[in-house]
Amino acid sequence: MSPNMVIQNMSLRVGQSMAIVGTVKPDAANFSVNVGHNDQSIALHLNPRFNIFGETNTIVCNSCQQGKWQQEIRPGGFSFYRGENFKLIIKLTSMGFVVTLPNGGQISFPNRFGSEKYSYFTFRGDVRIKSFEIY
1 MSPNMVIQNM
11 SLRVGQSMAI
21 VGTVKPDAAN
31 FSVNVGHNDQ
41 SIALHLNPRF
51 NIFGETNTIV
61 CNSCQQGKWQ
71 QEIRPGGFSF
81 YRGENFKLII
91 KLTSMGFVVT
101 LPNGGQISFP
111 NRFGSEKYSY
121 FTFRGDVRIK
131 SFEIY
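Residue numbering for the sequence shown follows UniProt numbering, starting at 1 and increasing by one per position.
Below is the structure:
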């Protein structure tokens, strides 16, 4: 699946957060937010799945190193709704990513690469991104 949106050369550094506002399509199967160095090096793959791959209302997190996917983590806390707006906040800490979900719940994912800066972001799937901000 090709990305809906790619942002390059915009840095997210340790201590910074990114806010993503979007709308889930009414017939959404899934979408993903990816943070990394390039399309073969994804430090955080956040994949809310509404109904795909035999999974319903599940968040899957992973990373991809040199084009190879690593071990998936399913942290729980699904709070996305088809046809509705959402806001995600992803904070990069020295230990990993802290993701604040639309309902205010948080999930954590380790910074498996140990990098202090990422500058490649993609959004794929059944979502329309309205705004993206790093602060």
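Every residue, glycine too, gets a C-beta built ideally from N, C-alpha and C. This structure is a prediction, so every number in the text was calculated from the model and none was measured.
Which residues in the same chain have their Cβ closer than 7 Å to the Cβ of TRP69, if we skip the five residues on either side of it in sequence? ASN62
Buried or exposed for SER131, please, with buried defined as at least 16 other CB atoms from any protein chain shown within 10 angstroms of its CB. exposed
Going by the CB atoms, is the gap between GLY77 and GLY105 shorter than 7 Å? yes
On the CB-based measure, 16 or more other CB atoms within 10 Å of its CB, does VAL24 come out buried or exposed? buried
Should PRO26 be labelled buried (16 or more other beta-carbon atoms within 10 Å of its own) or exposed? exposed
Would the region 46–60 and the region 72–89 be scored as touching if the rule is three or more Cβ pairs under 8 Å? yes
As a quick exercise: from TYR120, PHE113, THR93, pick the residue whose alpha carbon is nearest that of ILE7. TYR120
Closer than 8 Å is the cut-off here; do at least three beta carbon pairs connect the region 86–102 with the region 34–54? yes
Would you say ILE134 touches the ligand MG, meaning its beta carbon is less than 6 Å from a heavy atom? Only the bare structure without any ligand can be found here, which leaves the ligand MG out of the picture.
Taking the beta carbon of MET18 as the centre, do at least 16 other beta carbons fall within 10 Å, making it buried, or is it exposed? buried
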